[in-house]
Amino acid sequence: MKHPVASGNRNYREMLLSKRHDVLAGLGMKFDTLARMGRVAEEDQAQITHDEFVSLRLNRLDYLQLRMIEEALDRLNSGDFGTCLACEEPIPAKRLKALPWARYCVTCQESIGADMDQDARGTPRLAVGLAD
Numbered sequence: 166m167k168h169p170v171a172s173g174n175r176n177y178r179e180m181l182l183s184k185r186h187d188v189l190a191g192l193g194m195k196f197d198t199l200a201r202m203g204r205v206a207e208e209d210q211a212q213i214t215h216d217e218f219v220s221l222r223l224n225r226l227d228y229l230q231l232r233m234i235e236e237a238l239d240r241l242n243s244g245d246f247g248t249c250l251a252c253e254e255p256i257p258a259k260r261l262k263a264l265p266w267a268r269y270c271v272t273c274q275e276s277i278g279a280d281m282d283q284d285a286r287g288t289p290r291l292a293v294g295l296a297d
């Protein structure tokens, strides 16, 4: 049974758009920093390579979060926002205020487990465990 969230949709949309803006701004700064490095001395190359690796992993986290935000905006537009994708019950407003991109209610999120693309807080996860 679907019970999409009707009240507060504007607030959720504003929270999602704000978070999308923040993630996109962060991605732009990371790419600018890498681009400005230019040529470096050979002895510094190992550190630069490591920094690039970490930056690319963090970018992946940002892209995963951006995808979840975009999906939540799509659910808002389709009228399915606030409905758990697993059990189709309403996601509590308290959870949506904390994580407006949440796909699942807490019960379903816990039963799905940590091997999905987000943990119990809704934060994207990587197999290597670099979640923030």
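Residue numbers in the sequence shown follow the working numbering, run continuously in steps of one, and reach 297 at the last position.
Each residue gets a CB set at the ideal place from its N, CA and C atoms; glycine is no exception.
Below 7 angstroms CB to CB, which residues in the same chain sit around A316 once its five sequence neighbours on both sides are set aside?
Outside the shown range of the chain (166 to 297) lies residue 316, about which nothing can therefore be said.
Which partner residues of P255 appear in the DSSP bridge assignment?
T248
In the DSSP assignment, find the alpha helix (DSSP H) that holds A237 and state where it starts and stops.
210–243
According to DSSP, is Y269 part of a helix, a strand, or is it coil?
coil
With C-beta atoms as the reference, is V188 less than 8 angstroms away from L231?
yes
Pick helix, strand or coil for A190, following the three-state DSSP scheme.
helix
Does the structure place the region 213–224 close enough to the region 240–249 that three or more beta carbon pairs sit under 8 angstroms?
no
Whole angstroms are fine: how far does the CA of A206 sit from the CA of I277?
47 angstroms
A263 (DSSP reduced to helix, strand or coil):
helix
What does the Cβ neighbour count give for Q212, buried or exposed, with the cut at 16 atoms within 10 Å?
exposed
Less than 8 angstroms between the beta carbons of L264 and R178, yes or no?
no
Note down the Cα distance separating E253 from G191, rounded to an integer number of angstroms.
33 angstroms
Among I234, E217, D209, whose alpha-carbon lies nearest the alpha-carbon of H186?
I234
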